[in-house]
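Q:
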């Protein structure tokens, strides 16, 4: 975030958000952190219910801002954001955030036990539900290997807990929350290949049948998305599936070609990257 969001206080008696399908719509949404620097400009975007939608684009295109506005960390200057037709500005903040689970590459674990970090997703969960969520996130085995298991203090682990293990705890929190809308800020981008493959399997289970919006830094990870929105300067400039966007030869195709070339060492990769610019 560029600045600290202003804490929002709900007006009394706002209705709860009721999610039946989970469709997310941004309608003519504009926003700026700094009045002189627009971040989103008349953005129109749809994330279909129960499908995976990917947001791609260069740094500063507005992808993270979409996540921030959807969770009401900020309020749009113009336009409306709807979930199943309901303007999110008109529902209670608590009910909105209860319907959304975020899994980010930057995992936040607070001081407390592993159990407390997991149940932050749903504080009234039973022990059986906590363990089931940890198993779904492939976290149960490593947690049980710790001397105090689920009662291990996160602060005591220090460097003993790897990035992959932190991510599994974060995933367990999301499984336990059981929200119908999932936001993924490419949570496996900083992990080694073996750990990434394991967590990708857990993510597939988490997102099955749920409305999922993914911020994609590596385009290969969203090749199977149901719809890809390509953002540039706060607007969607291309939408479609991976193959469609490659065939159009626009920004998505150029970004994909550059990333593909960078994965190839030697002169051949340099030639491909140069041709894409």
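Numbering (my numbering), first residue to last: 733 to 1009.
The beta carbon of each residue, even a glycine, is placed where N, CA and C say it ideally should be.
Here the structure is a predicted model, which means the values were calculated and not measured.
Using 7 Å as the threshold, is the C-beta distance between residue 883 and residue 824 below it?
A: Residue 883 places its beta carbon 7 Å or farther from that of residue 824.
Q: Between the alpha carbons of residue 912 and residue 880, how many angstroms are there, rounded?
A: Between residue 912 and residue 880, the alpha-carbon positions lie close to 32 Å from each other.
Q: Would you decide whether residue 952 is buried or exposed? Buried here means 16 or more other CB atoms lie within 10 Å of its CB.
A: With fewer than 16 other Cβ atoms within 10 Å, it is exposed.
Q: Considering only the beta carbon of each residue, do residue 771 and residue 789 sit closer than 7 Å?
A: Not a contact, by the Cβ cut-off of 7 Å.
Q: Between which two residues does the alpha helix (DSSP H) carrying residue 987 extend?
A: 983-994
Q: Just to confirm, is the Cβ distance from residue 908 to residue 850 under 7 Å?
A: yes
Q: Specify, as a first and last residue, the run of the alpha helix (DSSP H) that residue 849 falls within.
A: Counting along the chain, the unbroken alpha helix (DSSP H) around residue 849 starts and ends at 846-851.
Q: Which residues bound the alpha helix (DSSP H) around residue 905?
A: 895-909
Q: Would the region 816-831 and the region 977-993 be scored as touching if the rule is three or more Cβ pairs under 8 Å?
A: no
Q: When you compare only the Cα positions, how much space is there between residue 763 and residue 809?
A: 5 Å
Q: Reducing DSSP to helix, strand and coil, say where residue 834 ends up.
A: Three-state result, residue 834: strand.
Q: In terms of DSSP beta bridges, what is residue 769 paired with?
A: 766
Q: On the CB-based measure, 16 or more other CB atoms within 10 Å of its CB, does residue 819 come out buried or exposed?
A: exposed
Q: Write down every uninterrupted run of the alpha helix (DSSP H) in the region 752-811 whose length is 4 residues or greater and which is fully enclosed by it, in chain order.
A: DSSP runs (the alpha helix (DSSP H)) wholly in the region 752-811: 795-802.
Q: Quick check: the region 839-855 against the region 920-940, are at least 3 beta-carbon pairs closer than 8 Å?
A: no
Q: Considering only their Cβ atoms, is the gap separating residue 941 from residue 782 smaller than 7 Å?
A: Yes, the Cβ-Cβ distance between residue 782 and residue 941 is below 7 Å.
Q: Assuming residue 752 contacts residue 816 (C-beta within less than 8 Å), just tell me the rounded distance between them.
A: Correct: roughly 6 Å between the Cβ atoms.
Q: Of all the options 977, 946, 886 and 950, which has the alpha carbon lying nearest to the alpha carbon of residue 780?
A: 946
Q: Beta carbon of residue 896, beta carbon of residue 927: below 7 Å?
A: Their beta carbons are under 7 Å apart, which means residue 896 touches residue 927 by this criterion.
Q: Under the assumption that residue 976 contacts residue 950 (Cβ atoms under 8 Å), give the Cβ distance between them as a whole number of angstroms.
A: Not confirmed; about 19 Å, so no contact.
Q: Where does residue 1011 fall in DSSP's three states?
A: Since the first residue shown for the chain is 733 and the last is 1009, residue 1011 is missing from the structure and cannot be characterised.
Q: Where does residue 769 land, buried or exposed, given buried means 16+ other C-beta within 10 angstroms?
A: exposed
Q: Can you name the start and end residues of the beta strand (DSSP E) that residue 968 belongs to?
A: 967-972
Q: How long is the line joining the alpha carbons of residue 980 and residue 921, rounded to whole angstroms?
A: 27 Å
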